[in-house]
Amino acid sequence: MQKLMLLGDEAIAQGAIDAGLSGIYAYPGTPSTEIMEYIINNREAGESNVRSGWSANEKTAMESALGMSYAGKRALVCMKHVGLNVAADPFINAAMTGANGGLIVVSADDPSMHSSQNEQDSRFYGKYAMIPILEPSNQQESYDMMHYGFDISEEYGVPVMLRIPTRLAHSRSGVSRRPRRPQNDLHTPADLSQFILLPANARRRYKGLLLQQPRHVHLSESSSFNALLPGEDKSLGIIACGIALNYLNENFPEGKPPFPTLKIGQYPLPRNLVKQLFDTCKEIMVLEDGYPFVEEILTGFFGTYRNIRGRLDGTLPRDGELNPNIVAAALGHEVSAGMPVPDIVRPRPPKLCAGCPHIYSYNALNEALNTYSKGRVFSDIGCYTLGALEPFTAINTCVDMGASITMAKGAADAGLVPAVAVIGDSTFTHSGITGLLDAVNDNSPITVIILDNATVAMTGGQTSAATGKIEDICEGVGVAKEHIIVMNPHPKHHEENMEIMKNEISYPGVSVIIPRRECIQTAARRIKTLKKTEESAK
Amino acid sequence: MKKDIVLAGVGGQGILSIAASIGLAAIEAGLHIKQSEVHGMSQRGGDVQANLRLSDKEIASDLIPGGKADLIISIEPMESLRYLPFLSQGGWLVTNTQPYDNIKDYPDINLILEEIRAVSNHILIDAGKLALETGSKKSANMVILGAAAPFLGLDYTLLEKAVATLFRSKGNEVVEANIKALQKGKDFTGEYLKN
Numbered sequence: 001m002q003k004l005m006l007l008g009d010e011a012i013a014q015g016a017i018d019a020g021l022s023g024i025y026a027y028p029g030t031p032s033t034e035i036m037e038y039i040i041n042n043r044e045a046g047e048s049n050v051r052s053g054w055s056a057n058e059k060t061a062m063e064s065a066l067g068m069s070y071a072g073k074r075a076l077v078c079m080k081h082v083g084l085n086v087a088a089d090p091f092i093n094a095a096m097t098g099a100n101g102g103l104i105v106v107s108a109d110d111p112s113m114h115s116s117q118n119e120q121d122s123r124f125y126g127k128y129a130m131i132p133i134l135e136p137s138n139q140q141e142s143y144d145m146m147h148y149g150f151d152i153s154e155e156y157g158v159p160v161m162l163r164i165p166t167r168l169a170h171s172r173s174g175v176s177r178r179p180r181r182p183q184n185d186l187h188t189p190a191d192l193s194q195f196i197l198l199p200a201n202a203r204r205r206y207k208g209l210l211l212q213q214p215r216h217v218h219l220s221e222s223s224s225f226n227a228l229l230p231g232e233d234k235s236l237g238i239i240a241c242g243i244a245l246n247y248l249n250e251n252f253p254e255g256k257p258p259f260p261t262l263k264i265g266q267y268p269l270p271r272n273l274v275k276q277l278f279d280t281c282k283e284i285m286v287l288e289d290g291y292p293f294v295e296e297i298l299t300g301f302f303g304t305y306r307n308i309r310g311r312l313d314g315t316l317p318r319d320g321e322l323n324p325n326i327v328a329a330a331l332g333h334e335v336s337a338g339m340p341v342p343d344i345v346r347p348r349p350p351k352l353c354a355g356c357p358h359i360y361s362y363n364a365l366n367e368a369l370n371t372y373s374k375g376r377v378f379s380d381i382g383c384y385t386l387g388a389l390e391p392f393t394a395i396n397t398c399v400d401m402g403a404s405i406t407m408a409k410g411a412a413d414a415g416l417v418p419a420v421a422v423i424g425d426s427t428f429t430h431s432g433i434t435g436l437l438d439a440v441n442d443n444s445p446i447t448v449i450i451l452d453n454a455t456v457a458m459t460g461g462q463t464s465a466a467t468g469k470i471e472d473i474c475e476g477v478g479v480a481k482e483h484i485i486v487m488n489p490h491p492k493h494h495e496e497n498m499e500i501m502k503n504e505i506s507y508p509g510v511s512v513i514i515p516r517r518e519c520i521q522t523a524a525r526r527i528k529t530l531k532k533t534e535e536s537a538k
Numbered sequence: 539m540k541k542d543i544v545l546a547g548v549g550g551q552g553i554l555s556i557a558a559s560i561g562l563a564a565i566e567a568g569l570h571i572k573q574s575e576v577h578g579m580s581q582r583g584g585d586v587q588a589n590l591r592l593s594d595k596e597i598a599s600d601l602i603p604g605g606k607a608d609l610i611i612s613i614e615p616m617e618s619l620r621y622l623p624f625l626s627q628g629g630w631l632v633t634n635t636q637p638y639d640n641i642k643d644y645p646d647i648n649l650i651l652e653e654i655r656a657v658s659n660h661i662l663i664d665a666g667k668l669a670l671e672t673g674s675k676k677s678a679n680m681v682i683l684g685a686a687a688p689f690l691g692l693d694y695t696l697l698e699k700a701v702a703t704l705f706r707s708k709g710n711e712v713v714e715a716n717i718k719a720l721q722k723g724k725d726f727t728g729e730y731l732k733n
């Protein structure tokens with residue numbers, strides 16, 4: 001079979017399909033989005049009725065995947081690293097219930113924060129849950145780990161985490177496929193109390209999970225994704241996790257370092273392999289993309305092992321992603337560089353698209369607020385976060401999905417009245433509804449502006465769970481009908497929109513304003529598809 | 539054979555269609571490929587780049603080390619300069635001359651062109667103008683790809699075939715226009731190298 005040119009994300013998707021996947025659940029988030037998109041658009045997955053489609057948030061996705069695993073089928077759930085915070089409750093408890101059908105949780109990390117609020121390292125979550133973690137070093141491994149991950153998930157009855165960083169998720173390379181295997185038949189757990197985490201059961205399950213830990217280590221020892229690669233020069237031993245191995249190899253002719261190198265693609269750490277490296281090498285260097293997860297474990301609280309080099313002792317930077325040059329510097333190699341960037345080159349930050357409806361919402365809001373002191377606008381995660389930049393400087397916070405409404409409420413409770421929340425349609429249904437309920441129950445003097453562009457725009461225009469439902473949701477939560485106002489964020493309605501905002505902002509209770517106009521990117525795509533269909537109908 | 543290529547532009551300009559064409563041709567040539575792309579926030583009109591690595595041997599890193607790129611291909615002149623730290627000594631810089639001005643302090647284009655001319659191996663090409671001559675304004679990216687073709691180390695017919703494959707779903711007319719645009723770019727560089 002000819003190799004497929006796949007992104008790391010797409011390799012995961014194809015690997016899962018070929019490994020007998022029955023369903024995938026996810027909420028869009030860079031750099032994980034392309035996994036679900038690939039399966040939604042994959043013909044074979046469609047023909048074999050693999051369940052696909054976007055969930056309201058990562059928590060609902062995680063729980064649905066767990067339900068599919070309960071029913072005996074193989075399930076995949078995908079999210080970006082911060083999405084795992086949202087899904088943390090079912091994620092940790094899924095380790096307690098265990099899996100029935102194979103269950104893989106993909107968490108895509110974003111070291112260097114290309115499109116994220118932080119660079120948290122998902123491996124800590126995997127360790128916290130006490131489940132096996134897989135970390136591919138290339139696209140082929142991303143593919144292969146789906147077969148393997150489902151196998152160990154079913155054999156050991158645990159969910160398995162796969163952690164992938166941006167640079168692999170969004171890099172393309174050749175991937176060889178294996179023959180597709182069939183999906184599992186429907187079968188409920190042999191023990192029907194397995195998934196009931198009542199304290200008495202939970203204690204039993206937890207003891208079982210603890211007893212299983214040595215088996216997870218044993219699995220890592222024999223895993224083909226972990227390997228101690230020989231090297232003549234024992235002055236240094238290297239532990240290279242995931243894609244860090246590539247940056248190491250890049251620095252040596254034929255991609256072969258002279259030092260013994262422990263390649264890590266599966267956790268918990270393989271104790272014997274690490275010991276072999278420690279016993280034979282004078283110094284140890286730990287290369288990992290993310291937090292010093294392995295380095296911290298090996299160094300210990302008192303720094304007992306003083307011969308460990310990595311992010312903690314300053315050999316490598318403490319933050320940011322790795323690259324071949326950073327690793328070269330750590331190895332003491334001369335760092336290659338071209339010419340400097342000429343001074344005249346200006347930064348070109350991302351910005352709202354020309355004609356974007358958010359522009360006109362922010363123009364109206366800025367004017368409506370100009371009689372008040374600054375610092376009253378609490379915003380959220382999405383394209384509209386770009387309202388923080390010039391020329392708008394319209395928002396004052398961006399923390400996590402849904403925090404706009406609840407932070408505005410808290411600030412209003414403290415006396416910052418009026419306070420305004422700005423949130424997107426999809427972010428609202430992701431995590432805004434419960435916050436709105438809190439505000440309604442307290443009759444907090446806040447104005448919630450739900451920017452409805454009918455799509456998840458920032459991640460590329462996925463279907464929004466909110467479309468067509470926002471007014472009903474707000475009314476159902478208890479917002480007074482006369483304070484739920486829809487407007488068209490178009491420059492020709494500027495004065496009128498500005499007046500409405502002014503009025504609602506001065507109202508001493510919960511009001512919701514919904515500026516509604518389709519995202520210009522999705523509109524352009526929709527029109528293009530429409531034209532194509534018309535042409536082919538001719 | 540090893541070619542490390544940085545592709546540069548502004549989000550939405552379509553650097554990935556250039557990457558996809560080179561990628562397809564490289565597969566046909568039986569080469570190993572790694573292609574690191576930018577998705578997400580920067581696609582909203584910000585600076586974007588892709589790293590494309592071709593080799594007859596296995597490729598380790600998805601990212602090109604500093605000072606090791608054989609080629610910078612840019613759809614936008616100022617963006618071509620942003621990646622100079624990656625260009626090797628003797629590497630080529632192939633760039634469109636037409637600025638994409640979506641920032642408030644875009645520098646004087648003449649100063650930018652001056653900086654580009656200071657790079658010893660450079661091709662400056664007005665891709666939009668040449669694309670118009672083929673009758674399709676949209677094929678500017680293929681003009682730039684054509685201008686870079688002599689430095690790719692790939693058989694030109696493979697590149698033509700890749701472009702045809704890439705645009706096949708859009709009909710014969712679009713395929714023809716893009717092949718013509720590719721040729722225009724290639725001829726431009728051919729003439730330049732003669733002088």
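In order, the protein sequence lines correspond to chains A and B. Going by the working numbering, 9 is the number at position 9 of the first sequence; the sequence numbering is gapless. Residues are numbered in the working numbering as their position in the second sequence, beginning at 1, plus a constant of 538. We put the beta carbon where it would ideally sit given N, CA and C, even for glycine. None of these values were measured; they are calculated from a predicted model.
- Using a CB distance cut-off of 7 Å, Gly338 of chain A counts as an interface residue toward chain B.
- Using a Cβ-Cβ cut-off of 9 Å, Ile641 of chain B is close to Arg346, Pro347, Arg348, Pro349 and Lys351 of chain A, given in chain order.
- The beta carbon of Arg620 of chain B sits closer than 7 Å to some beta carbon of chain A.
- Assigned with DSSP and collapsed to three states, Val345 of chain A falls in coil, not helix or strand.
- Assignment of beta-bridge partners to Ile611 of chain B by DSSP yields B:Leu545 and B:Val632.
- Rounded to the nearest angstrom, the gap between the Cα atoms of Thr280 of chain A and Gly231 of chain A is 11 Å.
- Contact of Val713 of chain B with chain A by beta-carbon distance below 7 Å is absent, the smallest such distance being about 16 Å.
- For Pro615 of chain B, no Cβ of chain A is located within less than 7 Å of the residue's own Cβ.
- Per DSSP, the beta-bridge partners of Val77 of chain A are A:Tyr25 and A:Val105.
- DSSP places Gln266 of chain A within a strand segment (E or B) once states are collapsed to three.
- Taking Met539 of chain B as reference, the option from B:Leu631, B:His577, B:Glu596 and B:Ser674 with the minimal CA-CA separation is B:Glu596.
- Chain B places no beta carbon closer than 7 Å to that of Ser361 of chain A, leaving this residue out of the contacts.
- Here the alpha carbon of Phe293 of chain A sits roughly 20 Å from the alpha carbon of Leu236 of chain A.
- For the pair Leu192 of chain A and Thr97 of chain A, the Cα-to-Cα distance works out to about 11 Å.
- DSSP lists A:Thr397 and A:Ala421 as the bridge partner or partners of Phe378 of chain A.
- When DSSP reads this structure, Thr447 of chain A sits in a beta bridge with A:Val420 and A:Ser511.
- When the beta-carbon positions are compared, Gly101 of chain A and Arg74 of chain A come within less than 7 Å of each other.
- Under a criterion of Cβ atoms nearer than 9 Å, the residues of chain A adjacent to Pro645 of chain B are, in order, Ile344, Val345 and Arg346.
- Among the residues of chain A, those whose CB is under 7 Å from the CB of Lys606 of chain B are Ser336, following chain order.
- Straight-line spacing of the CA atoms in Ala665 of chain B and Cys519 of chain A works out to 30 Å.
- Proximity of Ala686 of chain B to chain A, defined by a Cβ-Cβ separation below 7 Å, is not satisfied.
- In the DSSP assignment, Ile239 of chain A is bridged to A:Leu262 and A:Val286.
- Within the DSSP secondary-structure output, Gly174 of chain A pairs in a beta bridge with A:Met5.
- Distance from the CA of Gly20 of chain A to the CA of Arg181 of chain A, rounded to the nearest whole angstrom, comes to 5 Å.
- Restricting attention to A:Ile433, A:Pro491, A:Val345 and A:Cys474, the CA atom closest to the CA of Ile647 of chain B is found in A:Val345.
- Per DSSP, the unbroken alpha helix (DSSP H) holding Lys724 of chain B starts and ends at Asn710 to Lys732.
- Here Asp313 of chain A carries a coil assignment [DSSP, helix/strand/coil].
- Across the region 667-678 of chain B, no CB contact with chain A closer than 7 Å is found for any residue.
- The distance from the Cβ of Ala88 of chain A to that of Ser32 of chain A is about 16 Å, inconsistent with a contact at the 8 Å cut-off.
- Under the criterion of beta carbons closer than 8 Å, Met407 of chain A and Val399 of chain A qualify as touching, at roughly 7 Å.
- Lys572 of chain B is bridged by DSSP to A:Ser173 and B:Arg591.
- Secondary structure within the region 108-177 of chain A: the alpha helix (DSSP H) runs of 4 or more consecutive residues, fully enclosed, are 123-129, 139-156 and 166-169 (chain order).
- The shortest CA-to-CA distance from Gln551 of chain B to any of B:Ala702, B:Asn634, B:Asn733 and B:Asn659 is the one to B:Asn634.
- In summary, Gln213 of chain A is exposed, with fewer than 16 beta-carbon neighbours lying within 10 Å of its beta-carbon over all protein chains present.
- Every unbroken stretch of the beta strand (DSSP E) spanning 3 or more residues and falling wholly within the region 647-700 of chain B is given here in chain order: 660-663.
- In terms of CA proximity to Gly568 of chain B, A:Gln2 leads the group A:Ile40, A:Ala56, A:Arg51 and A:Gln2.
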